[in-house]
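Enquirer: Residue numbers (my numbering): 88 to 710. Where a beta carbon is used, it is the ideal one built from N, C-alpha and C, also for glycine. I have a structure I would like to understand better, so I am pasting it below and will then ask my questions one at a time.
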Ligand code: ADP
Ligand code: MG
């Protein structure tokens, strides 16, 4: 039989790989511009024809390549930027994977002319289908000129996939703008079909920002600038009047690399809270500089996401810096926040990074991209130590006996037939109650559920019953931590001093039942995750309510902190009286109730249901 596995010819393998790096003309533009930047150019010219479909050419006056490098540059994984794995952690160049030129050479007809200052003659290289077809010495200026013609000429499927010229041009302008904003010290020009599109002299960051945003921004930018040992932030935010209905003019750079980050965007939007209408977006051009070992640089070249070693600090820092800037320009009141007091206190900012720390973060960050921790849905497990602490904690909560004693006083009409659940022996109920799966349940006043049980019936109070169910569920979280759902856009909570202190106190206990809350800034907290069974979107209210209820319990020293939290949570999250329930919901509520260890009372002793025995009903109708 013929073998069916065979190795792909190089040029096909290259084409496939190229697809990841070069998706459209704009991706090639980005790669070529970045290479020119990496080469130390002070002038970079971009020329395109036909929105880059016919021609993309980048000319720089950087350091150029010698004849050997000029040919090697197009090999896959050819890079001059790293030679050892450690280099990855100190990457300051835009590229380092050595994939761009190889990819471009696989999908376009490329010609390169380059010369180093020490050489009299430069080198010219022609490449098609990843094959060098010609090299020769050539007279040319110092620097590099690369042109690529007929992108995807050999991959028609991809070529057909390209959008209209105006759409592709828009992408190119976007990439061009991003690189130009990151490097204002470099002169950039851009021509399309021979026509001048941009022409930006080298200058300051502010000048470049004005180039990009337009002259009208001359008086509409607010400078942002904060510096710590850990990181530096600089750049501009538009005054509130420049806020737009669209997300244009939002630029974030980390170590001069454009990134997209909903998370950091959120930090900025937060700083603008109350200053611009809710549906508007602030404009900003912000630059963060941080030790390269603090960011996961192992991002794919075409991706713009970034992973910080400690993104909460960055979030807090960005937000505070923007607030601070707005305040200094008297755009926002400066009373209620202070960068220095809070952010500066954070260890990571206070202490310079030690070599030890650096190497430990370095060794982890390479793999960070591959570990499950970076998956959005990853739920960290509570540590063993935490779990034990949590368990022992429960050994001192009031026992169920106490509770039943307590609730005995609740009074039942002791006629022997009608029995309030709270006054029944604790062990009977579990076996005693069985609601037929097919039974039709009746909800009265959207509060009481009537369920036939044997020849009698029970009337369940939906809210109190659910409170019991949740109470036991949260209690059990001590053994198996409650699942957390990570918030996509963490919500920030700003509290009064008193509430902040209170929340601080119970933050760890909340974690066990699924609330992931972290302090940041003065009396502010960020809610990163909420219990899996709490509705997202309402977390702010939920916490505020929880604190409110918690305060009511505060005088009650009988209960431990955790017991109080669990009680509050159960009360708060329970289905409310007045809520219409479906048959399915009622059945499942009753089933969960009777799966409880103590189904008959709430934690505070209120009955959860009333049992109407057969005789009681008969009695009612006797003469
Ligand atoms: P990377 O940028 O990831 O190293 P590239 O495929 O983009 O990989 O480039 C390969 C190599 O070619 C670079 O490392 C660099 O040495 C060289 N090179 C590419 N473009 C230029 C340029 N404009 N000027 C000088 N050298 C360049
Ligand atoms: Mg590159």
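Grouping DSSP H, G and I as helix and E and B as strand, with all else coil, what is residue 558?
Expert: For the purposes of this step, residue 558 is taken as the residue at position 471 of the chain shown. Reduced to three states, the DSSP call for residue 558 is helix.
Enquirer: With a threshold of 6 angstroms (Cβ to nearest heavy atom), would residue 192 be considered close to the ligand MG?
Expert: Position 105 of the chain shown, counted from the first residue, corresponds to residue 192. Checking the Cβ of residue 192 against the ligand MG gives no.
Enquirer: Using a strict less-than 5 angstroms threshold between each residue's beta carbon and the heavy atoms of the ligand MG, what residues do you get?
Expert: Output, sorted by chain position: 122, 182 and 187.
Enquirer: Nearest-angstrom Cα distance between residue 606 and residue 307?
Expert: The residue given as residue 606 occupies position 519 in the chain shown. The residue given as residue 307 occupies position 220 in the chain shown. So the alpha carbons of these two residues sit roughly 33 angstroms apart.
Enquirer: Please state whether DSSP places residue 303 in a helix, a strand or coil.
Expert: Position 216 of the chain shown, counted from the start, is the residue given in the question as residue 303. Looking at residue 303 - three-state DSSP - the assignment turns out to be helix.
Enquirer: In terms of alpha-carbon separation, which member of 400, 372 and 215 lies closest to residue 381?
Expert: Taking the first residue of the chain shown as position 1, residue 381 is located at position 294. The candidate whose alpha carbon is nearest that of residue 381 is 400.
Enquirer: To test your reading of the DSSP string, which unbroken alpha helix (DSSP H) runs of 4 or more residues are found completely within the stretch 222-309?
Expert: Correct list: 243-248, 252-269 and 292-300.
Enquirer: To the nearest angstrom, report how far apart residue 717 and residue 595 are at their CA atoms.
Expert: The requested residue 717 is not part of the displayed model; the chain covers only 88 to 710.
Enquirer: Could you compute how far the alpha carbon of residue 104 sits from the alpha carbon of residue 194?
Expert: In the chain shown, counting from the first residue as 1, residue 104 sits at position 17. In the chain shown, counting from the first residue as 1, residue 194 sits at position 107. Residue 104 and residue 194: Cα-Cα distance of roughly 10 angstroms.
Enquirer: Please give me, in chain order, every unbroken run of the alpha helix (DSSP H) with length at least 4 that falls completely inside the stretch 597-630.
Expert: Entirely contained in the stretch 597-630, not one alpha helix (DSSP H) run reaches 4 residues.
Enquirer: State yes or no: is the C-beta of residue 610 within less than 7 angstroms of the C-beta of residue 587?
Expert: If you number the chain shown from 1, residue 610 lands on position 523. If you number the chain shown from 1, residue 587 lands on position 500. Yes, the Cβ-Cβ distance between residue 610 and residue 587 is below 7 angstroms.
Enquirer: Determine, using beta carbons only, whether residue 319 and residue 376 come nearer to each other than 7 angstroms.
Expert: Counting from 1 along the chain shown, the entry for residue 319 is found at position 232. Counting from 1 along the chain shown, the entry for residue 376 is found at position 289. Taking 7 angstroms as the Cβ cut-off, residue 319 and residue 376 qualify as a contacting pair.
Enquirer: Have a look at residue 258 and residue 347 and give me their C-alpha separation to the nearest angstrom.
Expert: Counting from 1 along the chain shown, the entry for residue 258 is found at position 171. Counting from 1 along the chain shown, the entry for residue 347 is found at position 260. Going from the Cα of residue 258 to the Cα of residue 347 covers about 15 angstroms.
Enquirer: Do you know offhand how far residue 362's Cα is from residue 616's?
Expert: As a first step, residue 362 is located in the chain shown; it is residue number 275 there, counting from the start. As a first step, residue 616 is located in the chain shown; it is residue number 529 there, counting from the start. Roughly 27 angstroms between the two C-alpha positions.
Enquirer: How about residue 230 and residue 147: do their beta carbons lie closer than 7 angstroms?
Expert: On the chain shown, residue 230 is found 143 positions in, with the first residue counted as 1. On the chain shown, residue 147 is found 60 positions in, with the first residue counted as 1. Yes, Cβ-Cβ distance for residue 230 and residue 147 is below 7 angstroms.
Enquirer: Per the DSSP calculation, residue 338 is bridged to which residue(s)?
Expert: Counted from its first residue, the chain shown places residue 338 at position 251. Partner(s): 372.
Enquirer: What's the gap between the Cα of residue 695 and the Cα of residue 602?
Expert: Numbered from its first residue, the chain shown carries residue 695 at position 608. Numbered from its first residue, the chain shown carries residue 602 at position 515. In a straight line, the C-alpha of residue 695 is about 27 angstroms away from that of residue 602.
Enquirer: Using alpha carbons as the reference points, say which of 171, 528 and 416 lies closest to residue 672.
Expert: As a first step, residue 672 is located in the chain shown; it is residue number 585 there, counting from the start. Comparing Cα positions, the closest option is 528.
Enquirer: Below 7 angstroms CB to CB, which residues in the same chain sit around residue 658 once its five sequence neighbours on both sides are set aside?
Expert: Translated into positions along the chain shown, residue 658 becomes position 571. Taken in chain order, the residues that qualify are 554 and 636.
Enquirer: So does the stretch 203-210 actually touch the stretch 238-253, counting three or more Cβ pairs closer than 8 angstroms?
Expert: Flag = no, the stretch 203-210 and the stretch 238-253 do not touch.
Enquirer: Classify residue 653 as buried or exposed, calling it buried when 16 or more other Cβ atoms lie within 10 Å of its own Cβ.
Expert: Position 566 of the chain shown, counting from 1, holds the residue named residue 653. Flag for residue 653 reads buried.
Enquirer: Counting along the chain, where does the alpha helix (DSSP H) carrying residue 107 start and finish?
Expert: Here residue 107 refers to the residue found at position 20 when the chain shown is read from its first residue. Looking at the DSSP string, the run of the alpha helix (DSSP H) that includes residue 107 is 97-108.
Enquirer: Where does residue 329 sit, in a helix, a strand or coil, going by DSSP?
Expert: Counting from 1 along the chain shown, the entry for residue 329 is found at position 242. Residue 329: helix per DSSP, three-state reduction.
Enquirer: In whole angstroms, what is the alpha-carbon distance linking residue 214 and residue 293?
Expert: Stepping through the chain shown from its first residue, residue 214 is reached at position 127. Stepping through the chain shown from its first residue, residue 293 is reached at position 206. Using only the alpha carbons, I get a separation of about 40 angstroms.
Enquirer: Just tell me which of 577, 168, 240 and 408 has its CA closest to the CA of residue 196.
Expert: For the purposes of this step, residue 196 is identified with residue 109 of the chain shown, where counting begins at 1. For the residues 577, 168, 240 and 408, the minimum Cα distance to residue 196 belongs to 240.
Enquirer: When you compare only the Cα positions, how much space is there between residue 101 and residue 189?
Expert: As a working note, residue 101 is residue 14 in the chain shown. As a working note, residue 189 is residue 102 in the chain shown. Looking at the two C-alpha atoms, the distance is approximately 7 angstroms.
Enquirer: Based on DSSP bridge pairs, tell me the residues matched to residue 144.
Expert: Mapped onto the chain shown, residue 144 falls at position 57. Answer is 134 and 234.
Enquirer: Could you tell me whether any non-hydrogen atom of the ligand ADP is closer than 6 angstroms to the CB of residue 343?
Expert: Along the chain shown, read from residue 1 onward, the residue named residue 343 stands at position 256. For the ligand ADP, not one heavy atom lies less than 6 angstroms from the Cβ of residue 343.
Enquirer: Please report the distance separating the alpha-carbon of residue 357 from that of residue 133.
Expert: Residue numbering aside, residue 357 sits at position 270 when the chain shown is read from its first letter. Residue numbering aside, residue 133 sits at position 46 when the chain shown is read from its first letter. Taking the straight line from one Cα to the other gives about 37 angstroms.
Enquirer: Between residue 238 and residue 140, which are expected to be in contact by the criterion C-beta below 8 angstroms, what is the C-beta distance as a whole number of angstroms?
Expert: Working through the chain shown from its first residue, we reach residue 238 at position 151. Working through the chain shown from its first residue, we reach residue 140 at position 53. That pair is a contact at about 6 angstroms.
Enquirer: Output the distance between the C-alpha atoms of residue 370 and residue 99, rounded to the nearest integer angstrom.
Expert: For the purposes of this step, residue 370 is identified with residue 283 of the chain shown, where counting begins at 1. For the purposes of this step, residue 99 is identified with residue 12 of the chain shown, where counting begins at 1. So the alpha carbons of these two residues sit roughly 43 angstroms apart.
Enquirer: Got a sec, what are the start and stop residues for the alpha helix (DSSP H) residue 154 sits in?
Expert: What you label residue 154 is simply residue 67 of the chain shown in a count that begins at 1. It spans 154-159 - the alpha helix (DSSP H) in which residue 154 sits, taken as one unbroken run.
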